[in-house]
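Those protein sequences? They're chains A and B, same order as listed. Oh and the first sequence: position 105 is 153 in the working numbering, straight run, nothing missing. Oh and the second sequence: position 78 is 126 in the working numbering, straight run, nothing missing.
There are 2 protein chains.
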Amino acid sequence: MANKARDLEQALRDAGLRMTRQRAVLLEVLAGASDHPDAAELHKRVQARDTGVSLATVYRTLTELEVQGIIQRHSFDGASARFETCDPAHHDHMIDVETGAVVEFRSDRIERLQAEIAAELGYDIVHHRLELYVRRRDKA
Amino acid sequence: MANKARDLEQALRDAGLRMTRQRAVLLEVLAGASDHPDAAELHKRVQARDTGVSLATVYRTLTELEVQGIIQRHSFDGASARFETCDPAHHDHMIDVETGAVVEFRSDRIERLQAEIAAELGYDIVHHRLELYVRRRDKA
DNA sequence: ATGCACATGCGGATCATTCGCAATTACACC
DNA sequence: GGTGTAATTGCGAATGATCCGCATGTGCAT
């Protein structure tokens, strides 16, 4: 897993987008984020490396990256959108309602059931969203 | 299914809220809505019965009703929030990405799997959100 | 009936996000 | 290494959804 930022840059170039200074910084930040930051947080992190990047550009680039399928945008419970790079494998989210921490998980069985349900009603799934809002189980 | 509006009124009163002309109309509209309207749409329907109800009041009342657990607020994919009265039975949503239509469904198997997954990671589910964004299957 | 806390209606305020537009700049081509 | 052109950027202003402040109105317990 050498350089994730490089992979993102390549993906961006492959999508026919130009590599700019501001995009490079944003990609580095995205590559280094293990959490799920929102646009304002990303902007802050980007500014820490290069003060010459506007929030508008962060938004524009995030939108572009999302359209190109390079990153994903999540809107948990009506708050501002949060982003993450597209992992090779799809996953859903579990949000700890007390700490706000996000845990990723995946269940092929659930995925299969979803497809079945949609099919029964005559639909194909374009994408889905499964979020479990949880609380750490009381340890006795 | 006698008078749903009456039930809502009772719930509102039981919650210690006052019954006003504007709330009565909104409750009637909510009781009669089989779809999942947003605040603007609800306001429009309310105005059709009584022009003297402001959008701010619709918002305030919807928020109050949600807090009291009388209605539910859903935020599908970053669009404006949509509301529905709380049904006795929980259900999830399937949103037609082309028409915006919402279909309700429920799968006990999925619910069970969700609980299992959370339990495995040491969590209890507080609530969840499962949305399938779908497209009508091409009928050959 | 009466009072007063709760509601309402405005318009203005927020918050996240987007847009218009003029100034830059990446990158293909020479 | 120049050059041209279309993609990008940075502002600040525009949006759209939703909420707030405050003065006025009104349910409802007494």
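Note that the Cβ used here is the ideal one computed from N, Cα and C, for glycine as well. Note that the structure is predicted; figures quoted are calculated from it, not measured.
- In this structure, does DSSP put residue 55 of chain A in helix, strand or coil? Taking the first sequence and counting its residues from 1, the one referred to as residue 55 of chain A is at position 7. Here residue 55 of chain A sits in helix by DSSP.
- Query: Do three or more CB pairs link the segment 158 to 176 of chain B to the segment 84 to 91 of chain B at distances below 8 Å?
  - Reply: no
- With 7 Å as the C-beta to C-beta threshold (strictly closer), list the residues of the segment 86 to 107 of chain B near chain A in chain order. none
- Thinking C-beta only, is residue 140 of chain A closer than 8 Å to residue 121 of chain A? Translated into positions along the first sequence, residue 121 of chain A becomes position 73. Translated into positions along the first sequence, residue 140 of chain A becomes position 92. Contact flag unset, no.
- Message: What residue range does the alpha helix (DSSP H) around residue 145 of chain A cover?
- Response: As a position in the first sequence, residue 145 of chain A is number 97, starting the count at 1. Premise fails: residue 145 of chain A is in no alpha helix (DSSP H) and is neither H nor E.
- With a cut-off of 8 Å, do at least 3 Cβ pairs link the segment 176 to 184 of chain A to the segment 70 to 79 of chain B? no
- Task: Would you mind stating whether residue 170 of chain B and residue 184 of chain A have Cβ atoms separated by less than 8 Å?
- Result: Mapped onto the second sequence, residue 170 of chain B falls at position 122. Mapped onto the first sequence, residue 184 of chain A falls at position 136. Taking 8 Å as the Cβ cut-off, residue 170 of chain B and residue 184 of chain A qualify as a contacting pair.
- Task: Could you say if the segment 98 to 117 of chain A and the segment 52 to 70 of chain A meet the contact criterion of at least three C-beta pairs nearer than 8 Å?
- Result: yes
- Measure from the C-beta of residue 149 of chain A to each C-beta in chain B and report whether the shortest distance is under 8 Å. Start at 1 with the first residue of the first sequence, and residue 149 of chain A comes out as number 101. By this cut-off, residue 149 of chain A is not an interface position.
- Under a Cβ-count criterion, where at least 16 other Cβ atoms within 10 Å of its own Cβ denotes burial, should residue 130 of chain A be classed as buried or exposed? Along the first sequence, read from residue 1 onward, the residue named residue 130 of chain A stands at position 82. So residue 130 of chain A ends up on the buried side.
- Using CA coordinates, which residue listed in B:145, B:54, B:119 and B:152 is at the minimum distance from residue 1 of chain B? Examination of residue 1 of chain B is not possible in this model, given that chain B is present from 49 through 188 alone.
- Message: My output table needs one value for residue 124 of chain A: the three-state DSSP class, helix, strand or coil.
- Response: Within the first sequence, residue 124 of chain A is the residue found at index 76, counting from 1. In the structure shown, residue 124 of chain A sits in a helix (DSSP, three-state: H, G or I).
- Query: For residue 138 of chain B, which of helix, strand or coil comes out of DSSP?
  - Reply: Taking the first residue of the second sequence as 1, we reach residue 138 of chain B at position 90. Correct three-state label for residue 138 of chain B: coil.
- Can you tell me which of B:65, B:73 and B:165 puts its alpha carbon nearest to the alpha carbon of residue 142 of chain A? For the purposes of this step, residue 142 of chain A is taken as residue 94 along the first sequence, with counting starting at 1. The shortest C-alpha separation from residue 142 of chain A is found at B:165.
- Consider the Cβ of residue 61 of chain B: report whether some Cβ of chain A lies at a distance smaller than 8 Å. On the second sequence, position 13 is the one that residue 61 of chain B refers to. Not an interface residue.
- Task: Mind checking the segment 160 to 183 of chain B against chain A and listing, in chain order, the residues whose C-beta falls within less than 8 Å of any C-beta there?
- Result: 161, 162, 165, 166, 167, 169, 170, 171, 172, 173, 174, 175, 176, 177, 178, 179, 180, 181, 182 and 183
- Message: So for residue 188 of chain B, helix, strand or coil by DSSP?
- Response: Within the second sequence, numbered from 1, the residue matching residue 188 of chain B stands at position 140. Unreliable positioning characterises residue 188 of chain B in this predicted model, as indicated by a pLDDT of 48, which lies under 50. A coordinate reading is not provided.
- Message: If you follow the beta strand (DSSP E) that residue 133 of chain A is in, where does it begin and where does it stop?
- Response: Counting from one through the first sequence, the residue named residue 133 of chain A turns up at place 85. Where residue 133 of chain A is concerned, the enclosing beta strand (DSSP E) stretches over 130 to 133.
- Within the 8 Å Cβ cut-off, does residue 153 of chain B reach chain A? Within the second sequence, numbered from 1, the residue matching residue 153 of chain B stands at position 105. Yes, contact with chain A.
- With residue 65 of chain B and residue 112 of chain B assumed to form a contact (beta carbons below 8 Å), what rounded beta-carbon distance in angstroms separates them? By 1-based counting over the second sequence, the position of residue 65 of chain B is 17. By 1-based counting over the second sequence, the position of residue 112 of chain B is 64. Their Cβ separation, rounded to whole angstroms, is 6 Å, which keeps residue 65 of chain B and residue 112 of chain B in contact under 8 Å.
- Where residue 126 of chain B meets chain A, residues with beta-carbon distance less than 9 Å: Locating residue 126 of chain B in the second sequence gives position 78, where the first residue counts as 1. Near residue 126 of chain B (Cβ distances below 9 Å), the residues of chain A are 121, 123 and 129.
- Query: Listed in chain order, which residues of the segment 135 to 147 of chain A have Cβ atoms closer than 8 Å to some Cβ of chain B?
  - Reply: 142, 144 and 145
- For residue 185 of chain B, go through chain A and note every residue whose CB falls closer than 8 Å to its CB, in chain order. Position 137 of the second sequence, counted from the start, is the residue given in the question as residue 185 of chain B. Result: 167, 170, 171 and 172.
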